[in-house]
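Numbering (my numbering), first residue to last: 1206 to 2016.
Encoded as structure tokens, the structure appears first; notes follow it.
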């Protein structure tokens, strides 16, 4: 006689013989002790055999779970190799639909404005980003020292600009597809409006702590390491896929989260949720549950706890480790939905544990997180879509929240669990809708500024989104540049839909539908390639905006979108807005975008007009803000760069100290050609240049040339480089985020500037330059020394500029 029981730990269904009735046995899958009850059944009752039948319980071999959603990828898959047919059959399709018109565009534009406008461009392959949610319709995220990677939606997105070979941040989950305009409330935030769903009266901190600490809680992992299939199967019950939507119900992207209480609280990254008006959570069995809103969030630490309207009966909360009890080298598992691959698990180790203050300066600048924030660096594969998912110890406990990646070396970073535990104590019984919170930081975003779309406009937008998804698929499958060009020319839905929107605006002048159609047209026109082909429709759009809609409250959205083009019609539009608008904020922002466009010109007249506009911002629009940052800060930075850091300007004085604390100045070398190298030893592009630079020092020893370095490492690094003879040239020890790099507006590494013997900037190289190009430029400049030639095109030198360097010696 046999009877059927279930393991209370791994939920495996098992058959046991009558000799085990009333005894405890060991589960062959997870090793847990299971009590076998005395059976209570009527004589003659028949039992159907289960799929796992035991003839002799103790001797039954272990069988790995075949639930594909929770399988760990094979080694070849983790290394990026093509999976075999058998394994590929288990991979679900990439999820998502195209992002709505202009959402990511405006967020990206404003982020760029805040980050420093057009002072160089970021190489997408070198940026790290706080791992953003997978943008709808896009299978991958962009680069990033945190892949804060800004992603392009169906209407395109302004890409963050500013750095060269600098690593960047990618949220594992822009800060999702480009941070929105305005910042979300800072610090720990609590929901203060609305009512939480009536699920057992709401989850109290004590109820959450029970899941955190109680070994008796259902689903809690036993002590010791679990078999990977058991771990992923169990954790998969509490893992959710979060779909983020706008106020029209259109998908913006997806991220990950995990259940932390039986009353429906889900933890995730704040950047996963911050773009949406609504959201829903999908569990492993396909059940979808609406998200009611926030119960608590900390935008600075990038954590959110949201409330679900209900919880499926089979869902089990994940256990939170009571503290960060994990060591370097420990085995961990990351779970989430990378690139839309649903309910994926990857294995790795803890590579290191850091505080924000210990990270390289470029990462700190990108992340803007508190210095005491703790990060778990892991080799487990994390990608866009993983953001907000759990990082698990081998005992099955959550030790972190997957948050961002570094693209240059493929390291993932998870927020340490203690920060989430701190936030659980702040959960209240009230709930605040996503739109309510997120609107505070997105007041000027395209979607939120347009409100509910007119039915005629919405029909076109919906058709565009569907077509754009197909358009992207065609682009991704194109094999040659010719195929790509053909697809762009013949299949681009923007070329079909912009004329339709312009027609709506023309037939319904001075109506909300007309305004919505024109703004969405501006967003779609970003998909015209090349940009010059957008000239005619752009002229129609800007003409109607100026004629009928200049007084719209959200006209700043149109100003920002137009400001990303370099067309004559958009420059004329911005100029008219400045002259005719009565709104000071609109005028100031139009000034900023027009100035950026004019300064980028190769001609002197537009540059002078750009400088005049920047000076006007400083004098008239100092109180105008973008994303809670005064635009005057951007204007002053751009003004300084144009007058003192551009080609033909006299180089600002540098006064700083070397590794031994000795002060020296840039002007000490007037009369010689100076190669000024901003470098950091953690940057691989910089270290590859060391041998070349040592050769250059020797080669030019008897010539009127000198190589001067600005080292941007922490204290002690430069001294060690000199002692090891890796660096043989004179350097300022500027330190991380030092005054010299700050004044020279360093945006990435390396940055090399050639200054002639009269102190005039002649060349600038962003990133590792071609050695032959540098040699030719130096030879040209050195050849002019002593020739008696003067430079008549230098700009007015900066007066009183002093960048005081600091010693790199140990304290």
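Think of the CB as a built atom: it goes at the ideal place given N, C-alpha and C, for glycine as much as any other residue.
Since this is a predicted model, take the numbers as computed values, not measurements.
Look up residue i in the DSSP assignment and say whether it is helix, strand or coil.
i            : result
residue 1660 : helix
residue 1733 : coil
residue 1211 : strand
residue 1330 : Residue placement at residue 1330 cannot be trusted, given a pLDDT of 28 that sits under 50; what the coordinates show is reported in the next sentence. In this structure, residue 1330 counts as helix in the three-state DSSP scheme.
residue 1917 : coil
residue 1632 : coil
residue 1595 : strand
residue 1585 : coil
residue 1824 : helix
residue 1521 : coil
residue 1862 : strand
residue 1889 : helix
residue 1834 : strand
residue 1718 : helix
residue 1753 : helix
residue 1626 : helix
Would you list the residues sitting across from residue i in a DSSP beta bridge?
i            : result
residue 1485 : 1448, 1495
residue 1552 : 1538
residue 1743 : Paired residues: none, contrary to the question.
residue 1937 : 1915
residue 1910 : 1878
residue 1471 : 1464, 1511
residue 1868 : 1862
residue 1959 : 1880, 1968
Compare the beta carbon distance of residue i and residue j with 7 Å and say whether it is the shorter of the two.
i            : j            : result
residue 1730 : residue 1739 : yes
residue 1499 : residue 1625 : no
residue 1761 : residue 1783 : no
residue 1555 : residue 1581 : yes
residue 1619 : residue 1639 : no
residue 1482 : residue 1942 : no
residue 1544 : residue 1588 : yes
residue 1447 : residue 1469 : no
residue 1551 : residue 1586 : yes
residue 1937 : residue 1927 : no
residue 1622 : residue 1557 : no
residue 1632 : residue 1508 : no
Determine the extent of the beta strand (DSSP E) in which residue i is found, giving its start and end residues.
i            : result
residue 1882 : 1878-1884
residue 1970 : 1966-1971
residue 1616 : 1616-1621
residue 1603 : 1603-1611
residue 1238 : 1238-1240
In the DSSP assignment, the alpha helix (DSSP H) including residue i goes from what residue to what residue?
i            : result
residue 1794 : 1789-1804
residue 1778 : 1773-1785
residue 1475 : 1475-1478
residue 1458 : Element bounds for residue 1458: not the alpha helix (DSSP H) but the beta strand (DSSP E), 1456-1464.
residue 1436 : 1433-1441
residue 1763 : 1760-1767
residue 1924 : 1922-1928
residue 1693 : 1686-1696
Excluding sequence positions up to five away, which residues of its chain have a Cβ less than 6 Å from the Cβ of residue i?
i            : result
residue 1969 : 1958
residue 1875 : 1964
residue 1425 : Confidence is the limiting factor: at residue 1425 the pLDDT is only 39, short of 50, which leaves the residue's position unreliable, though a coordinate-based value still follows. If we look at residue 1425 and ignore the five residues flanking it on each side, its Cβ neighbours are 1524.
residue 1240 : 1229
residue 1493 : 1485, 1487
residue 1516 : 1469
Going by beta carbon distance, what residues of the same chain come within less than 7 Å of residue i, once the five residues before and after it are set aside?
i            : result
residue 1713 : 1719
residue 1691 : none
residue 1285 : Its pLDDT being 34, under 50, residue 1285 is placed unreliably in this model, and the coordinates cannot settle the point.
residue 1745 : 1707
residue 1450 : 1456, 1457, 1481, 1482, 1483, 1484
residue 1901 : 1912
residue 1495 : 1485, 1514
residue 1400 : Note that residue 1400 scores a pLDDT of 37, beneath 50, so its modelled location is shaky and nothing firm can be said.
Take residue i and list the residues in its own chain whose beta-carbon comes closer than 8 Å to its own, dropping the five residues that flank it on each side.
i            : result
residue 1430 : 1536, 1599, 1600
residue 1394 : Note on residue 1394: pLDDT 38, under 50, position unreliable in the model; the coordinate value appears next. Excluding residues within five positions, the ones whose Cβ falls inside 8 Å are 1499, 1501, 1502, 1503, 1504, 1642.
residue 1908 : 1987
residue 1785 : 1751, 1755
Give a yes or no on whether the minimum CB-CB distance between residue i and chain B is below 7 Å.
i            : result
residue 1774 : In the structure shown, chain B does not exist; there is a single protein chain.
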